[in-house]
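Here is the structure we will look at.
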Amino acid sequence: MDHQKLDSYIKSLLVDDYIETKVLDFKEAKLTEEGVKYAGVGTPEVQLLNLLKQGEKLTKVEIDEKLGKDVSKIA
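What follows is the structure, encoded as structure tokens:
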């Protein structure tokens with residue numbers, strides 16, 4: 643059914659007091675690409691914390707290798 647037909651049916655029902663309408667306002671939030679990534683694997687800080695929880699002593703270079711430099715520089 644096209645929009646114009648539907649609109650005319652709704653207006654007809656309104657005029658005859660068969661229905662009432664309300665305008666609803668809502669907001670939607672979406673994650674960015676980066677947010678989706680962090681929702682899956684955790685923020686850089688959480689990734690670092692999880693790595694350190696394993697109890698292994700690591701140098702900065704080893705952390706960079708395990709997490710990646712882009713993550714470890716943020717954490």
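Residue numbers (this note's numbering): 643 to 717. We put the CB at the ideal spot given by N, CA and C, even for glycine. Remember, it's a predicted structure, so these values are computed and weren't measured experimentally.
Rounded C-alpha distance that separates residue i from residue j
{"i": "Ile-661", "j": "Glu-670", "result": "27 Å"}
{"i": "Leu-666", "j": "Leu-694", "result": "48 Å"}
{"i": "Pro-686", "j": "Ile-716", "result": "6 Å"}
{"i": "Lys-653", "j": "Phe-668", "result": "23 Å"}
{"i": "Asp-659", "j": "Leu-673", "result": "42 Å"}
{"i": "Thr-663", "j": "Leu-656", "result": "8 Å"}
{"i": "Thr-701", "j": "Val-683", "result": "22 Å"}
Buried versus exposed, by CB contacts within 10 Å (16 or more), residue i
{"i": "Gln-646", "result": "exposed"}
{"i": "Ser-650", "result": "exposed"}
{"i": "Gln-689", "result": "buried"}
{"i": "Val-713", "result": "buried"}
Assigned secondary structure, residue i (DSSP; H/G/I helix, E/B strand, else coil)
{"i": "Tyr-660", "result": "coil"}
{"i": "Leu-693", "result": "helix"}
{"i": "Gly-682", "result": "helix"}
Proximity to residue i [Cα-Cα], best of the options
{"i": "Val-703", "options": "Gly-697, Lys-711 and Asp-658", "result": "Lys-711"}
{"i": "Asn-692", "options": "Ile-716, Leu-709 and Leu-656", "result": "Leu-709"}
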